[in-house]
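Note that UniProt numbering gives residue 131 to position 131 of the sequence shown, counting from 1, and the numbers run on in steps of one. Glycine included, each C-beta is placed from N, C-alpha and C at the ideal position. First comes the structure, then the notes that go with it.
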Amino acid sequence: HEIPGIPQVEVEVESMDKAGNFIGWLHIEGVNLSVALVEQALSRVHFTAERSPYCKALLAAQDAAKQRKEKVWSHYEETPVEEVVPVLEEKERTANYKPVFVTEITDDLHFYVQDVETGAQLEKLMENMRAEVGAHPPVEGSFVPRRGDFCIAKFVDGEWYRARVEKVESGGKVHIFYIDYGNKETLPPSRLAPLPPAFSPRVLPPQATEYTFAFIQVPQDVSTGGLLLSPHTWAPTVIPDLEPPPCVLPMGPNPGT
């Protein structure tokens, strides 16, 4: 309700983070304070205003203030605009080939690869991590999974691998993503444990990089799709006797396609 003699103030929240900090607009008696400050040449328009619904009003107010050359615009000199004629040059597309291991292929033709050049680093990290976990076994229940958390997960082969929590469901179901191999799994919390800091993604970034085939559409017919795309999941481990040879992947200007 309105109180006589006291200005009516309205706060318009545009976005807010998890901590409760927000970005918004202050309206006094129906007047946008930001627009008013720009009109009076007391403020300049920040580039982030381009995403705001008040962008046009702010820019119009700023243009008017520039013309008056007052306050913050007192020394403003308009820069002459030079007409630039774009010259279009045809460039031949070049591909930078690099050897990779394909570790996972999804039903929608996305696939994950590991860079052969960093393979030795991953093997060393996994070896040290398993030795650390073996020397200090995790206490069951010590890890409370939350979406986005990094952890270690025990795969069907009994080994631990780096993973990220994708989703937590009621009933003890945790959806995880193996960050070094690209495959996903649903596990109980008892098969998850905290990721030791010495083996975090800051030490070695996730080694599974996602790509898609360009100009290829997956068949919408379920029966046809089943024939072309037999669902399977690659185990995170690579059996030495069956280790597949690396393939060569062209790295074009748009990684991931």
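Out of curiosity, what's the CA-to-CA distance linking T94 and V203?
In this structure, the alpha-carbon of T94 lies about 32 angstroms from that of V203.
Just mark T118 as buried or exposed, buried being the case when its beta carbon has 16 or more other beta carbons within 10 Å.
A residue is called buried once 16 or more other Cβ atoms fall within 10 Å of its Cβ, and T118, having fewer, is exposed.
Let's test the definition: count the other Cβ atoms within 10 Å of the Cβ of residue 328 and tell me whether it reaches 16, buried, or not, exposed.
Lying before the first or after the last residue shown, residue 328 is absent from the chain, which here runs from 1 to 257.
Is the region 131-139 touching the region 193-203, taking contact as three or more C-beta pairs under 8 angstroms?
With the cut-off at 8 angstroms, the region 131-139 and the region 193-203 touch.
Same chain, Cβ closer than 8 angstroms to V174, neighbours up to 5 away in sequence not counted
The residues are P145, V165, K167, V168, T186, L187, P188, P189, L192.
On the three-pair Cβ rule with 8 angstroms, is the region 66-80 touching the region 92-110?
Verdict: no, contact absent.
Between F22, V11, V45, which lies nearest to E29 when the distance is taken from Cα to Cα?
Measuring from the Cα of E29, the nearest candidate turns out to be V11.
Where the beta strand (DSSP E) through S15 begins and ends:
Boundaries of the beta strand (DSSP E) harbouring S15: 9-16, taken from the DSSP string.
For the alpha helix (DSSP H) that contains A57, what are its first and last residues?
Taken as a continuous stretch (DSSP letters only), the alpha helix (DSSP H) holding A57 covers 55-68.
Please go through the same chain and pick out, in chain order, the residues whose beta-carbon is closer than 6 angstroms to the beta-carbon of A57, but skip the five residues on each side of it.
Around A57: V35.
Please state the DSSP three-state secondary structure of A153.
DSSP places A153 in the strand class (E or B) of the three-state scheme.
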